[in-house]
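Beneath this line is the structure, given in structure tokens, with notes to follow.
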Amino acid sequence: GKMELFPGRSREALENLAKKINKSLIETAAGIIEIANANMEKAIRVISIERGFDPRDFALFSFGGAGGMHAADIASHLKMPRVIVPKNAGVLSSLGLLMADSIKDYSKSILKTAEKTSKEELENHFKKLIEKSIKSMKEDGFQEDAVTIFSFLDLRYQGQSYEITIPYRNKITSNLSFVSDFHKAHRKLYSYHHEQRAVEIVNIRVKAVGTTKKIKLKRLPPKNKNPERAFMKKQTIHYEGKAWQASVFKRVLLATGNKIKGPALIADSESTTFLPPSYTLEVDGFLNLIIQRED
1 GKMELFPGRS
11 REALENLAKK
21 INKSLIETAA
31 GIIEIANANM
41 EKAIRVISIE
51 RGFDPRDFAL
61 FSFGGAGGMH
71 AADIASHLKM
81 PRVIVPKNAG
91 VLSSLGLLMA
101 DSIKDYSKSI
111 LKTAEKTSKE
121 ELENHFKKLI
131 EKSIKSMKED
141 GFQEDAVTIF
151 SFLDLRYQGQ
161 SYEITIPYRN
171 KITSNLSFVS
181 DFHKAHRKLY
191 SYHHEQRAVE
201 IVNIRVKAVG
211 TTKKIKLKRL
221 PPKNKNPERA
231 FMKKQTIHYE
241 GKAWQASVFK
251 RVLLATGNKI
261 KGPALIADSE
271 STTFLPPSYT
281 LEVDGFLNLI
291 IQRED
């Protein structure tokens, strides 16, 4: 947020492009944003509509330094009811990295049918992988009681070229009916199964999860709805072919319960959020920005 910017250089580069496509500087800049929005919208469609999920049933969670600049427009195109811009949005991935559990995966090829593989043989293979995974986690600084082990089998009907991964057991339960579970999973995935056909164990797998300490988020009580304490200045912006006077707010000074009407810019040390005209923003108890279109 403290890096010096040189808008004149950006303007010069953009003017060269604008001349080539016979557009004004503002039209060219707006076109670039529209293309960026369309690409991000397409990516969201791939993970929602193309997988059978209606984006209208979800909120758009926006993070990253530039995410808040595009989120409201993308949500509008997808008819998503609200946008959530979390506190520390620009460094949220780093925060997630610090809080993420450490996961290590180990595997061993077996390539034997289930009927020719004894329980003792499987247990012996799993024991060796589990010991290896726990040793590795300890070397990374985890206590053994902070490590959770999950065991799996990659199974297939003999002659198939693809496998289904089936849980074998975990810390709580013991699964000795993995063949039956495989038949059920195969039927669920492919609408058929062959109980008389030999089931082949391709790999055994162990996943070790080292649990890290998590930050406890506190919900703050609501304060004044008026965000005047965070107001910085008025700024001319261009949006949808028109010039607007947008209010600029300093995010770190916004408080729970503050409400803002667009057009507005919310400036943070590592990100900026754009609130278009006809949109409202409210700061929730966790200092997230909740953006919705006005009724």
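Quick note: the sequence shown uses full-length UniProt numbering, first residue 1, plus one each step. Here a beta-carbon is modelled for each residue, glycine too, at the ideal position from N, C-alpha and C. These figures come from a predicted structure and were not determined experimentally.
**OP:** Going by CA-CA distance only, name the one from L122, P277, N288 that's closest to V206.
**Re:** Position 206 of the sequence shown, counting from 1, holds the residue named residue 206. Among L122, P277, N288, the Cα nearest to that of V206 is on L122.
**OP:** Output the residue ranges of the beta strand (DSSP E) runs that lie fully inside the segment 52 to 117 and measure 3 residues or longer, sorted by chain position.
**Re:** The qualifying runs are 82 to 85, 102 to 113.
Original post:
Can A66 and R82 be called in contact, C-beta distance under 8 Å?
Top reply: Along the sequence shown, one-based indexing puts residue 66 at 66. Along the sequence shown, one-based indexing puts residue 82 at 82. No, the pair does not count as a contact, with Cβ atoms beyond the cut-off.
Original post:
Going by the beta-carbon positions, is the gap between T165 and D154 smaller than 8 Å?
Top reply: In the sequence shown, residue 165 corresponds to position 165, counting from 1. In the sequence shown, residue 154 corresponds to position 154, counting from 1. Yes.
**OP:** Spatial neighbours of N277 within its chain, please: CB distance less than 6 Å, with the 5 preceding and 5 following residues excluded, ordered by chain position.
**Re:** In the sequence shown, residue 277 corresponds to position 277, counting from 1. As written in the sequence, residue 277 is Pro, which differs from the Asn given in the question. Hits under 6 Å: G262, P263.
**OP:** Would you please state the rounded distance, in angstroms, between the beta carbons of residue 325 and Q235? I believe it to be under 8 Å.
**Re:** Absent from the structure is residue 325, since the part of the chain shown begins at 1 and ends at 295.
Subject >> Closer than 7 Å: H194 CB and nearest the ligand ATP heavy atom >> reply: The model depicted lacks the ligand ATP and carries no ligand whatsoever.
Subject >> V252 burial status per 10 Å Cβ neighbour count (16 or more: buried) >> reply: For the purposes of this step, residue 252 is identified with residue 252 of the sequence shown, where counting begins at 1. So V252 counts as exposed.
Subject >> Contacting residues, own chain, Cβ-Cβ under 7 Å from I130 (five flanking each side not counted) >> reply: In the sequence shown, counting from the first residue as 1, residue 130 sits at position 130. Excluding residues within five positions, the ones whose Cβ falls inside 7 Å are I149, V206.
**OP:** Please check the pair G31 and K20, which I expect to be a contact at CB under 8 Å, by giving their CB distance rounded to whole angstroms.
**Re:** Locating residue 31 in the sequence shown gives position 31, where the first residue counts as 1. Locating residue 20 in the sequence shown gives position 20, where the first residue counts as 1. Not a contact, Cβ separation roughly 12 Å.
Subject >> H70 classed as buried or exposed, judged by whether at least 16 other C-beta atoms fall within 10 angstroms >> reply: Reading the sequence shown from its first residue, position 70 is the one you call residue 70. Counting the other CB atoms within 10 Å of its CB gives H70 a total of 16 or more, which places it among the buried residues.
Subject >> Whole-angstrom C-beta distance between G210 and M137, which should lie under 8 Å >> reply: On the sequence shown, position 137 is the one that residue 137 refers to. On the sequence shown, position 210 is the one that residue 210 refers to. M137 to G210, Cβ: 5 Å. Contact.
**OP:** Look at the alpha carbon of H238 and the alpha carbon of K216, and state the distance between them as a whole number of angstroms.
**Re:** The sequence position of residue 238 within the sequence shown is 238, counting from 1. The sequence position of residue 216 within the sequence shown is 216, counting from 1. The straight-line gap from Cα to Cα measures roughly 40 Å.
Subject >> Sequence-distant residues of the same chain with beta carbon closer than 8 Å to L265, five excluded per side >> reply: The residue labelled residue 265 in the question sits at position 265 within the sequence shown. Q235, I237, A246, S247, V248, F249, T272, T273, F274, L275, listed in sequence order.
Original post:
Rounded to whole angstroms, how far is the Cβ of E200 from the Cβ of R156, which I believe are closer than 8 Å?
Top reply: The residue labelled residue 200 in the question sits at position 200 within the sequence shown. The residue labelled residue 156 in the question sits at position 156 within the sequence shown. Contact holds; Cβ gap of about 5 Å.
Original post:
What three-state label does DSSP hand N170 in the structure shown?
Top reply: Working through the sequence shown from its first residue, we reach residue 170 at position 170. Per-residue confidence for N170 stands at a pLDDT of 48, beneath the threshold of 50, marking its modelled position as unreliable; no derived number is given.
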